[in-house]
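A.B. asks:
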Amino acid sequence: MSNPILATDLYRLPWTLPDNAISWLEPTSACNLYCDGCYRKNDPNAHKPLEQVRHELDIFRKFRKADGISIAGGDPLTHPQIEKIVEMVASDGGKPIINTNGGLLTPEKLKALKKAGVFGFTFHIDSGQQRPHFKGKTEAELNELRLKFARMLAEEGDISCAFNATVYGHTLKDVPATVEWGQKHIDIVHILVFIAYRAAPLHEGYDYLVGGEKIDMAPIAYAIDEKKTISIMSTDIVEAIRSKYPDFQPCAYLNGTERPDHFKWLLTMRMGTADRIYGYAGPRFMEIAQTLHHLTHGTYLAYSSPRVLGRVRSMLMLSPLDHGLARTATGYLHHVMRSPGALFKKLHMQSVMVIQPADFMPNGALSMCDGCPDITVHEDRLVWSCRLEELTNFGDWVRAVPSKNGE
Ligand code: SF4
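Residue 247 in the numbering used here sits at position 264 of the sequence shown; the count goes up by one each step and never skips.
1) Do you know offhand how far Gln232's Cα is from Arg267's?
2) May I ask you to verify whether the segment 326 to 340 touches the segment 168 to 180, counting CB pairs closer than 8 angstroms and requiring at least 3?
3) Looking only at C-alpha atoms, which of Lys24, Leu326, Cys18, Cys14 sits nearest to Asn376?
4) Which term fits Phe327, buried or exposed, when burial requires 16 or more other beta carbons within 10 angstroms of its beta carbon?
5) Leaving out five residues before and five after Gly347 in sequence, what residues of the same chain have Cβ atoms less than 7 angstroms from its Cβ?
6) For Gly239, does the three-state DSSP call read helix, strand or coil?
7) Name the one or two DSSP bridge partners that Trp7 has.
8) Measuring CA to CA, which of Val162, Pro243, His277 is closest to Arg(-5)?
9) Specify the secondary structure class of Ser287 as computed by DSSP and reduced to three states.
10) Are the segment 73 to 84 and the segment 99 to 110 touching, with three or more C-beta to C-beta distances below 8 angstroms?
11) May I ask you to check if the CB of Trp7 is nearer than 8 angstroms to at least one heavy atom of ligand 1?
12) When the Cα atoms are used, what is the spatial distance from Leu278 to Ile271?
13) I'd like to check one pair, Ser6 with Thr240: are the Cβ atoms closer than 9 angstroms?
14) Give the straight-line distance between the Cα atoms of Thr212 and Ala206, rounded to the nearest whole angstrom.
15) Quick one, are the C-beta atoms of Leu391 and Cys234 less than 9 angstroms apart?
16) Reducing DSSP to helix, strand and coil, say where Met71 ends up.
17) Once DSSP output is grouped into helix, strand and coil, what is the label at Ala383?
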């Protein structure tokens, strides 16, 4: 067991419901793939017209500041007017980030999206997906596909490149190898995201109620009636990463609405090259980055451009203010003294985000991410995107209560 992660050692990200780093726009719930951990029912006829997308962006503008707008779904690349949507987000001053499985991305499409103002991509790639040509592949075998997209973005230039993967009980052991792969490509892969698998169990001692009436959860995309691991914690994922990187050290977090000691979003910023990680930014660095961005741009920082992430030497000038940067600078200087050739290698910064979505408490309450970044719009309200299906199916949030028969 490595060093415990303590909230008191980390920076609590300042993100709230009305003032956040990210918002979540869903122009469609159509998708060209099936993923195990998906929260959305695939509806091929669910493209929203541009007027509705415009209206939802206006609701965001009215109620919530955000730096980045995740354009998600479904797969947003299935939307026939995706370029227009990217343009709308960019013209509002947001950074358009496309969350996609990548299946429909070609170099030509990428060019058109760049012209429309896309800031970045988050590619969802993991072994829980039914991908043509990649069925039954392991996480390690999927690195070939990850690299294809990272290179495509790098060739187009100055586009943020992130990968996310759902982590299942049986793939927890594969996380360190993906983190190692990310290091090998730290110059073109800017963010890695690991999301612990969650689902609503149908046969594990809960009844589900809406307005006091028992409902059938079965039609909900994230309801499961088989035994699966749904309790991987963000700290389990960090522990797995530490099996390869023992000094891996997060700097910032969001807590749970029911559990202040749970790390729902746990952020680590590492610095180095493809050959060597020199260290990890500390909490003061993240506090400075968030505060300065809010002072200068009016929003908390979500995504940095690849150019900014390549300015690690300038960032290390802040070492007197942050012990993580100071340790990184010391490690770097020692290494350069031993191997002067290292001085000519460019340093890069890469984020590793670990997400622990909704947790069932023993009394049936759900612990959500406090300051949820993935808030979306439903009927002019700001709502959790991970539980949207409850509103579309039942018109209200579902409450879970322990079954009376105590099963
Ligand atoms: S509360 Fe749900 S939608 Fe919000 S960040 Fe957590 S998992 Fe995502």
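The C-beta atom is built at its ideal place from N, Cα and C for all residues, glycine as well.
C.D. replies: In short, the structure shows the following:
1) 13 angstroms
2) The count of Cβ pairs closer than 8 angstroms, one atom from the segment 326 to 340 and one from the segment 168 to 180, reaches three, so the stretches are in contact.
3) Lys24
4) exposed
5) Tyr189, Arg382, Ala383, Val384, Pro385.
6) Gly239 carries a strand assignment under DSSP once its states are collapsed to helix, strand and coil.
7) Ser53
8) Pro243
9) Of the three classes helix, strand and coil, the one that applies to Ser287 here is coil, per DSSP.
10) yes
11) yes
12) 10 angstroms
13) no
14) Answer to the nearest angstrom: the Cα atoms are 13 angstroms apart.
15) This structure leaves residue 391 out entirely; the chain is present only between -16 and 390.
16) helix
17) strand
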